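Undergrad: Count the sequence shown with the numbering used here and you get residues 747 to 1009, in order. For each residue, glycine too, the CB sits at the ideal point set by N, CA and C. These numbers come from a predicted model, not from an experiment.
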Amino acid sequence: MRRGFEGLLFASVLLLGTSASTVVRAATTDGETPVLQQTGTTKASAVFKAPTTPATPVDPNHPDTSVTDTDTNGAGKPEGATGLALVWAPKTLDFGTQEINLLKPVSYTAAGTIAGSDKPATAGNTTSTMKTTDTTASKVTGVQVSDERGTNNGWHLTVAGTALTLENTNQTAKGVTVTLPAGALVNSGAVEASDNGAQAFGAKVNMDGSSTGVKILSAGQGYGAGTTVDKMNPSDVTLDVPANAVQTGTYTGSLTWTLTDGE
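#1: What residue from 801, 780, 839 and 793 has the CA that sits closest to residue 1000's CA?
#2: Of the residues 836, 903, 922 and 926, which one's Cα is nearest the Cα of residue 1006?
#3: Label residue 878 either buried or exposed according to how many other C-beta atoms from any shown protein chain fall within 10 Å of its C-beta, with 16 as the threshold for buried.
#4: For residue 1004 and residue 987, what's the separation of their Cα atoms in angstroms?
#5: Who are the Cβ neighbours of residue 921 in its own chain at under 6 Å, not counting the five residues just before and after it?
#6: Beta-carbon within less than 7 Å of residue 881's beta-carbon, same chain only, minus the 5 sequence neighbours each way: which residues are those?
#7: What number of angstroms, rounded off, separates the C-alpha of residue 787 from the C-alpha of residue 793?
#8: Residues in its own chain within less than 8 Å of residue 951 by CB, not counting five upstream and five downstream?
#9: Leaving aside the five residues before and after residue 928 along the sequence, list all residues of the same chain whose C-beta is less than 7 Å from its C-beta, in chain order.
#10: Quick check on this structure: which residue in 918, 912, 917 and 889 has the alpha carbon closest to the alpha carbon of residue 979?
#11: Applying the 10 Å Cβ sphere with the 16-neighbour rule, what's the burial state of residue 916?
#12: Please classify residue 963: is it buried, with 16 or more other beta-carbons within 10 angstroms of its beta-carbon, or exposed?
#13: Below 8 Å on the Cβ atoms is my contact criterion, and I expect residue 833 with residue 892 to pass it. Report the Cβ-Cβ distance as a whole number of Å.
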């Protein structure tokens, strides 16, 4: 009887093993264990186009804020125009009323002072400065370039000068230059510590009629999007006059700014 019981027990184990194996096979397909789907792919897309609203000058201390500023040389975009444009450049650089220096060259600032001196600014100085909502900020002149083409093709801004000529005569000032500093760059769409890749170079511009375009601001391929502001302190913009280079009277000349597509 003992042998019979052991044989029965062994047979029962075999039967249970056979039943379990049958359940596992029922959960398979063609001998492979099914795998649950654990990943998925969703296509995301967007279409962008260039803005249709023309850019305007911006607040130099808050370059994400547009302002209405008429103290510019008219280089802004015509109504309805978009793309690449010089939206602000000074209408006037006023170097004040100064005494002729007979002994040495002197630089006069667009704030109406003699560079390097503590002489007070000329009363009624008319140098154009950018409009700002920050009443505590120092006044700045300079230039603003807007690139809303959406191509990131880059751009270059050059400046050239005409002869500085004595009023009602054909007498020109010899050897006179205007020095523009590199200034401080800010741009729209970024905090002060960030930038859009534009570079400022500063320039020394001949005002004797021999001037050719000098690069002052540039953005290479892939850079320069948005509005770039080059802020210049009027005290750093100078008219550099050699000794005995001028006569008494009013001299006038002009600066021409030229903005071109990147290459």
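TA: This is what the structure holds:
#1: Check the Cα spacing between residue 1000 and each of 801, 780, 839 and 793: the tightest is with 839.
#2: Ranked by Cα distance from residue 1006, the options 836, 903, 922 and 926 are led by 903.
#3: Burial call: buried.
#4: Approximately 25 Å, taken between the alpha carbons.
#5: Hits under 6 Å: 988 and 991.
#6: Result list for residue 881: empty, nothing under 7 Å.
#7: Going from the Cα of residue 787 to the Cα of residue 793 covers about 20 Å.
#8: Answer for residue 951: 905, 906, 907, 923, 924, 925, 926, 957, 960 and 1001, listed in chain order.
#9: The answer, listed in chain order, is 946, 947 and 948.
#10: Per the Cα distances, 889.
#11: Flag for residue 916 reads exposed.
#12: Answer is buried; the Cβ neighbour count reaches 16.
#13: Rounded, the Cβ-Cβ distance is 5 Å, consistent with contact.
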